[in-house]
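Residue numbers (our numbering): 1098 to 1353. Where is the CB? At the ideal position from N, CA and C, for every residue including glycine. Since the model is a prediction, treat every value here as computed from it, not as a measurement.
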């Protein structure tokens, strides 16, 4: 179906003799905001690698926009943001604008000139994440939460239909984590971008996302967030693998 952006069907993956994912099926459609939750070692990062076509499933199939993930080439349709602490050197000598502009390479190619309206596109992307005032500042001068907003802007500049974020709040304190999540919610609601947010923070599911997938090697639950919230805590704890405490987020400002 044309509104299905991600489709996993009966997907399994192993690292040697260890099963990382076992017969996982999942669909993400246009405009949805999914939280993929689960304990450490539950297979969340493996799931992302499979979706991005970085690894191939042992069994089953993974499709992006109707195409096999390993053959998908329209990279500008997907924005990906990894854990900042594992993917970025804060001493890198570039301004915020330069970091965001580099996201245009998906469309222009490595050795082509940026389009004439590149500066305008950079500004719009920064405005979308509330970071336009920092355009000329060095990326290494920003806090962790501010840097993650810049990486979101870098992903947004190619006008993706789908954003995939792999635990993007690692290293961000609780206060600024709330405003970061609120920013993602606005992008989903106002720009209609489908979001797949991988997180160990169950709190995020209470007010922001439309759907939840609870992964612990297999899918223990996937469906609307309202249904997830209605389930008894003891059942949710069984899905997650340990006791889960739900905390409702307050509404943070644009802030960090």
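Limits of the unbroken beta strand (DSSP E) element including residue i
i	result
residue 1260	1259-1263
residue 1130	1130-1134
residue 1118	1115-1126
residue 1111	1101-1112
residue 1308	1308-1313
residue 1157	1156-1161
residue 1299	Unbroken run through residue 1299: none, as it is neither H nor E.
N- and C-terminal bounds of the alpha helix (DSSP H) containing residue i
i	result
residue 1325	1322-1327
residue 1143	1141-1148
residue 1253	1241-1253
Reduced DSSP category for residue i - H, G, I as helix; E, B as strand; rest coil
i	result
residue 1211	coil
residue 1219	helix
residue 1173	helix
residue 1266	coil
residue 1319	strand
residue 1226	coil
residue 1235	strand
residue 1305	coil
residue 1166	helix
residue 1389	No answer is possible for residue 1389: the residues shown for the chain start at 1098 and end at 1353.
residue 1201	helix
C-alpha gap between residue i and residue j, whole angstroms
i	j	result
residue 1100	residue 1160	12 angstroms
residue 1323	residue 1308	8 angstroms
residue 1282	residue 1137	25 angstroms
residue 1245	residue 1334	30 angstroms
residue 1120	residue 1150	17 angstroms
residue 1105	residue 1145	11 angstroms
residue 1259	residue 1298	21 angstroms
residue 1312	residue 1103	16 angstroms
residue 1202	residue 1221	17 angstroms
residue 1321	residue 1131	9 angstroms
residue 1316	residue 1310	7 angstroms
residue 1218	residue 1197	9 angstroms
residue 1122	residue 1228	37 angstroms
residue 1192	residue 1247	10 angstroms
residue 1284	residue 1158	29 angstroms
residue 1069	residue 1166	There is simply no residue 1069 to check, as the chain begins at 1098 and stops at 1353 in what is shown.
residue 1116	residue 1109	8 angstroms
residue 1287	residue 1113	44 angstroms
residue 1249	residue 1135	23 angstroms
residue 1173	residue 1253	9 angstroms
residue 1262	residue 1143	13 angstroms
Where residue i falls, given that 16 or more other Cβ within 10 Å makes a residue buried
i	result
residue 1289	exposed
residue 1294	buried
residue 1139	buried
residue 1326	exposed
residue 1278	buried
residue 1238	exposed
residue 1296	buried
residue 1188	exposed
residue 1200	buried
residue 1190	exposed
residue 1231	buried
residue 1171	exposed
residue 1264	buried
residue 1354	Residue 1354 is absent from the model: the chain starts at 1098 and stops at 1353.
Any chain B beta carbon closer than 8 angstroms to residue i
i	result
residue 1105	Although the question refers to chain B, the structure presented lacks it and comprises just one protein chain.
(request) Taking 8 angstroms as the threshold, find out whether the region 1228-1242 comes into contact with the region 1261-1275 through three or more Cβ pairs. (result) yes
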